[in-house]
Amino acid sequence: MTAITTSESRTAAELQGAVPIGSGAVLDGPILKRAWAGPSSDTFDVPPIAGFVRKYLMKSKISIDPFARNKRWATHTNDLNPDTAAESHMDAEAFLRELATQGVKADLVIFDPPYSPRQIAECYANVGKTVTMEDTQNCVLYSRVRSAIPAVLADGGIVLSFGWNSNGMGKKHGMKIIEILMVAHGAAHNDTICVAERIESTK
Ligand SMILES: C[S@@+](CC[C@H](N)C(=O)[O-])C[C@H]1O[C@@H](n2cnc3c(N)ncnc32)[C@H](O)[C@@H]1O
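Here it is, written out as C-alpha cells:
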C-alpha cells in the first residue's frame, strides 16, 4: 500500500485536499473522478475519455501519440499497424527515439497501448509480425516505451496513460499524478483508468 501514507509523515500543507481513509491514513486528493460509459476498443471514442484527452490537448502546443490507431489528434501520431490513419507506422519505442533524435520536445505525450498480452498478440498478428514471448508481455512493452518518453518531454510536460491500472510513468521518471479518471463500463468489463502526470524533475 505505498500510495497511502500516514498523516504523521505529512505536513499540514500536503494534507490540504487529502481524503482520510481509516485511522490516520490518507490518499492524495482531490484528483480522483469516476464516470460510466459503454466500452470501445477505440479508447478515445468513449465520451468521458475523449473529454479527458481533449482537455489536455486544448492546452498543448506539441503532442505525441505513439499508439494512435486512427486518431490524428496529436501533433505527431504513430501506430504499428499500417492500415491505421496514424502518420507513422513504427514500433512505439523506435518512433519516440526517432523524434528524440530530431530534437522534438512535446508538452503532452499520450500512452494508450494494448492493455493485455492477448491484445498485444492480436495487434502483432494484424500486421503479420511474428511475436515472441517477450513481445507479448505488456510489462516489457510498457517499460521500454515509457523509458523513451522522458527524452521527448518538455519541462513541465504531461503524460496521459490509459489502461487497467493507475501505475502511469511513476516517480522513477520524475512524474507526479495530477488527475485520475476511472471509467466503468458495466457488466464484467474492466474499468479504463486514465492517469495524467506532470514531470517534476528531469533526470
Ligand atoms: C488501445 S489502441 C489505441 C486506441 C486509440 N487511442 C483510440 O482511441 O482509437 C492501441 C494501438 O496500439 C497499436 N500498437 C500495438 N503495439 C504497438 C507497438 N509496439 N508500437 C506501436 N503501436 C502499437 C495497435 O495497433 C493499436 O492500434
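Converting from the sequence shown to the working numbering requires adding 8 to each position, the first position being numbered 1.
C-beta atoms are modelled at their ideal positions from N, C-alpha and C, and glycine is treated no differently.
| field | Contact set for V153: own chain, Cβ-Cβ below 6 Å, skip 5 residues either direction | value | Your numbering for residue 153 matches position 145 in the sequence shown. Taken in chain order, the residues that qualify are A100 and E101.
| said: What residue range does the beta strand (DSSP E) around V191 cover? | reply: To locate residue 191, count along the sequence shown from 1; it is residue 183. That run of the beta strand (DSSP E) goes M183 to A192.
| field | Assigned secondary structure, F119 (DSSP; H/G/I helix, E/B strand, else coil) | value | Residue numbering aside, residue 119 sits at position 111 when the sequence shown is read from its first letter. Residue state, collapsed to three classes: strand.
| What separation, rounded to the nearest whole angstrom, lies between the Cα atoms of I118 and V167? | Reading the sequence shown from its first residue, position 110 is the one you call residue 118. Reading the sequence shown from its first residue, position 159 is the one you call residue 167. Approximately 6 Å between the Cα atoms of the pair.
| request: Would you mind reading off the limits of the alpha helix (DSSP H) that contains R206? | output: By one-based count along the sequence shown, residue 206 stands at place 198. Per DSSP, R206 belongs to no alpha helix (DSSP H); it is in the beta strand (DSSP E), T200 to I207.
| request: Kindly indicate which three-state DSSP category L104 falls into: helix, strand or coil? | output: Working through the sequence shown from its first residue, we reach residue 104 at position 96. In the structure shown, L104 sits in a helix (DSSP, three-state: H, G or I).
| Cβ neighbours of T19 in the same chain (closer than 8 Å, five flanking residues each side left out) | Translated into positions along the sequence shown, residue 19 becomes position 11. Low confidence applies to T19: its pLDDT is 46, below 50, so where it sits in the model is not reliable enough to give any reading.
| query | Out of E205, T200 and L189, which has the shortest C-alpha to C-alpha gap to H181? | reply | Stepping through the sequence shown from its first residue, residue 181 is reached at position 173. Checked all of E205, T200 and L189; the closest Cα to H181 is E205.
| For P47, which residues from the same chain have a beta carbon less than 6 Å from its beta carbon, with the 5 sequence-adjacent residues on both sides left out? | Counted from its first residue, the sequence shown places residue 47 at position 39. Taking P47 as the centre and dropping the five residues before and after it, the same chain places the C-beta of H193 and H197 closer than 6 Å to its C-beta, in chain order.
| For ligand 1, is there a heavy atom less than 6 Å away from the beta-carbon of T138? | Taking the sequence shown and counting its residues from 1, one reaches residue 138 at position 130. Outside the cutoff, so no.
| task | Following the continuous alpha helix (DSSP H) through V61, name the residue where it begins and the one where it ends. | result | Within the sequence shown, residue 61 is the residue found at index 53, counting from 1. Segment P55 to M66, the alpha helix (DSSP H) holding V61.
| request: Please work out which residues of its chain come closer than 6 Å, Cβ to Cβ, to T85, disregarding the five sequence neighbours upstream and downstream, and give them in chain order. | output: What you label residue 85 is simply residue 77 of the sequence shown in a count that begins at 1. If we look at T85 and ignore the five residues flanking it on each side, its Cβ neighbours are D73, A76, A94 and E95.
| query | By how many angstroms is the C-alpha of W81 removed from the C-alpha of K69? | reply | Within the sequence shown, numbered from 1, the residue matching residue 69 stands at position 61. Within the sequence shown, numbered from 1, the residue matching residue 81 stands at position 73. In this structure, the CA atom of K69 is about 12 Å from the CA atom of W81.
| task | Report yes if the C-beta of L104 is less than 6 Å from at least one heavy atom of ligand 1; otherwise report no. | result | Along the sequence shown, one-based indexing puts residue 104 at 96. Checking the Cβ of L104 against ligand 1 gives no.
| field | S71: first and last residue of the uninterrupted alpha helix (DSSP H) it sits in | value | Position 63 of the sequence shown, counted from the start, is the residue given in the question as residue 71. Here S71 belongs to no alpha helix (DSSP H); instead the beta strand (DSSP E) covers S71 to D73.
| field | Top-ranked residue by Cα proximity to P122, from I186, K184, V148 and M66 | value | As a working mapping, residue 122 is identified with position 114 in the sequence shown. P122 has its Cα closest to that of V148, out of I186, K184, V148 and M66.
| Using CA coordinates, which residue listed in I207, E187, E208 and P90 is at the minimum distance from I57? | Along the sequence shown, one-based indexing puts residue 57 at 49. Of I207, E187, E208 and P90, the residue nearest in Cα terms is E187.
| field | Euclidean distance between Cα positions of N146 and V203 | value | Locating residue 146 in the sequence shown gives position 138, counting from the first residue. Locating residue 203 in the sequence shown gives position 195, counting from the first residue. Straight-line measurement puts the Cα of V203 at about 17 Å from the Cα of N146.
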